[in-house]
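Trainee: As given, the protein sequences belong to chains E and H, one line each in that order.
Here the numbering used here is used: the first residue of the first sequence is 950, the next is one more, and so on.
Here the numbering used here is used: the first residue of the second sequence is 1050, the next is one more, and so on.
Each residue gets a CB set at the ideal place from its N, CA and C atoms; glycine is no exception.
The structure displayed is predicted, hence computed values, not measured ones.
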Amino acid sequence: QKEVEQNSGPLSVPEGAIASLNCTYSDRGSQSFFWYRQYSGKSPELIMSIYSNGDKEDGRFTAQLNKASQYVSLLIRDSQPSDSATYLCAVNARYSSASKIIFGSGTRLSIRP
Amino acid sequence: KAGVTQTPRYLIKTRGQQVTLSCSPISGHRSVSWYQQTPGQGLQFLFEYFSETQRNKGNFPGRFSGRQFSNSRSEMNVSTLELGDSALYLCASSPSGQGTITDTQYFGPGTRLTVL
């Protein structure tokens, strides 16, 4: 079982609509959750971090965390063509005495005009 | 603040050679993590350095090694290059390291390595 799972997509959303990206994780003890955006040929760029159950909003982006169900999602409102990118979910996971950040394989999002 | 910088940005090497990549973290950040990104495997964790000590390691062969200097700059070395080592190598810096709950990683632009 993969530790952090995302639907690879592509997810196609019309401009102006809400894009919903989902991520599930396997380590119940995970406490830190991140969403990164990566444009083709570029490095990942942090969008949001979330640590507590519930919603966290930042501009057009909302991260949602449900630790009981072990999922984290990212909503993008009023989607723009510039939002077309791969979105990476990252979760911290415990390995014996150390923690490390594990990345999902990413969801490719395409916003169609 | 200046972001994470990586040099060189592009490298072409042949099989059997070795390569050294460099990463300068954001000022004040003490943790540097290295990742390999390929289309097939996604973002794979190589190792993390904090205060000149390797704190965590991924599942890569011993040909991959790294170190961190007292100014937090880090280098990664790959010896005896193989074709499969062709990838984007990303470095990420953070203030306190991956073991801290609120610690957040910021990525550099990456080094694109091509092995012929």
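Distance check for R1079 (chain H) and S1143 (chain H), CA to CA, integer angstroms please.
Mentor: If I take the Cα positions, the gap works out to 7 Å.
Trainee: State yes or no: is the C-beta of S1028 (chain E) within less than 8 Å of the C-beta of G965 (chain E)?
Mentor: Contact flag set, yes.
Trainee: Which of the three DSSP states is assigned to D1032 (chain E) in this structure?
Mentor: In this structure, D1032 (chain E) counts as helix in the three-state DSSP scheme.
Trainee: For T1056 (chain H) and Y1084 (chain H), I'd like the C-alpha separation in whole angstroms.
Mentor: Roughly 15 Å between the two C-alpha positions.
Trainee: On the CB-based measure, 16 or more other CB atoms within 10 Å of its CB, does E1097 (chain H) come out buried or exposed?
Mentor: By the 10 Å Cβ count, E1097 (chain H) comes out buried.
Trainee: Keeping to the same chain, check which residues put their C-beta closer than 7 Å to that of E1124 (chain H); ignore five residues upstream and five downstream.
Mentor: Here the set comprises T1069, L1070, S1071, G1115, R1116.
Trainee: Along the region 1116–1149 of chain H, where does the CB come closer than 7 Å to a CB of chain E? Name the residues.
Mentor: Under the 7 Å Cβ criterion, the region 1116–1149 of chain H contributes L1139, Q1147, G1148.
Trainee: What's the C-alpha gap between Y1036 (chain E) and Y974 (chain E)?
Mentor: Roughly 15 Å separates the two Cα atoms.
Trainee: Just to confirm, is the Cβ distance from G1052 (chain H) to Y1155 (chain H) under 8 Å?
Mentor: Against a cut-off of 8 Å, the Cβ pair of Y1155 (chain H) and G1052 (chain H) comes out as a contact.
Trainee: Can the beta-carbon of S979 (chain E) be found closer than 8 Å to that of S1054 (chain E)?
Mentor: Going by C-beta atoms, S979 (chain E) is not nearer than 8 Å to S1054 (chain E).
Trainee: Could you name the residues of chain H that G1055 (chain E) contacts, counting a contact when the two beta carbons are closer than 7 Å?
Mentor: By Cβ distance, chain H contributes G1091.
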